[in-house]
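Report on the structure given below.
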Amino acid sequence: MVGIISNAEYRYQDVILPALGLNQGSEWDFGVFSGLEGVEKPDPRIYEIAIERAGNIAPEEALHIGDSLRKDYLPAKSVGMHGLLLDRFKTSDAEEWRKSGAVVLPDLVAARDWLQNN
Numbered sequence: 128m129v130g131i132i133s134n135a136e137y138r139y140q141d142v143i144l145p146a147l148g149l150n151q152g153s154e155w156d157f158g159v160f161s162g163l164e165g166v167e168k169p170d171p172r173i174y175e176i177a178i179e180r181a182g183n184i185a186p187e188e189a190l191h192i193g194d195s196l197r198k199d200y201l202p203a204k205s206v207g208m209h210g211l212l213l214d215r216f217k218t219s220d221a222e223e224w225r226k227s228g229a230v231v232l233p234d235l236v237a238a239r240d241w242l243q244n245n
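In structure tokens, the structure reads:
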């Protein structure tokens with residue numbers, strides 16, 4: 128199951144993602160968008176909403192992939208999810224992320240490979 132958690136406006140799921148060829152039901156199963164929920168990352172409540180939308184799975188059964196230690200990794204971990212970070216833009220913060228214990232990968236292809244091997 129794939130969910131999207133985004134600090135995006137209400138049009139994101141119905142207009143922007145489909146325009147990019149990312150359609151609900153085929154590429155992703157559910158979305159939690161701050162413009163619709165009234166709560167945004169890094170508030171842990173947005174992650175709790177995602178867990179509910181995923182069928183009230185146990186948080187430790189979920190993996191959040193993000194690109195911000197503060198907005199993605201730490202709040203996801205605070206509710207019990209696993210987390211990893213993408214360093215798509217070669218940020219200078221990536222080394223600090225690693226030092227904090229985060230798995231840091233360059234892109235989604237590397238994340239897929241990591242998931243298959245771990």
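Each residue of the sequence shown is one higher than the one before, starting from 128 at the first, in my numbering.
For each residue, glycine too, the CB sits at the ideal point set by N, CA and C.
Being a predicted model, the structure only gives us computed values, none of them experimental.
- Judged by DSSP secondary structure, S133 falls within the beta strand (DSSP E) whose first and last residues are 130 to 133.
- Here DSSP, grouped into helix, strand and coil, assigns G158 to strand.
- Using a Cβ distance threshold of 8 Å, L235 and L213 count as a contacting pair.
- Boundaries of the alpha helix (DSSP H) harbouring I173: 171 to 180, taken from the DSSP string.
- Note on geometry: alpha-carbon atoms of R215 and G182 lie some 30 Å from one another.
- Straight through space, the alpha carbons of I184 and K217 are spaced by roughly 33 Å.
- Annotation: the continuous alpha helix (DSSP H) that includes L242 extends over 235 to 244.
- Counting C-beta pairs closer than 8 Å gives fewer than three between the stretch 151 to 169 and the stretch 220 to 227, which falls short of the contact rule.
- Taking the Cβ atoms as the reference, S161 lies roughly 6 Å from A135, within the contact range of under 8 Å.
- Per DSSP, the continuous alpha helix (DSSP H) segment holding L201 begins and ends at 201 to 205.
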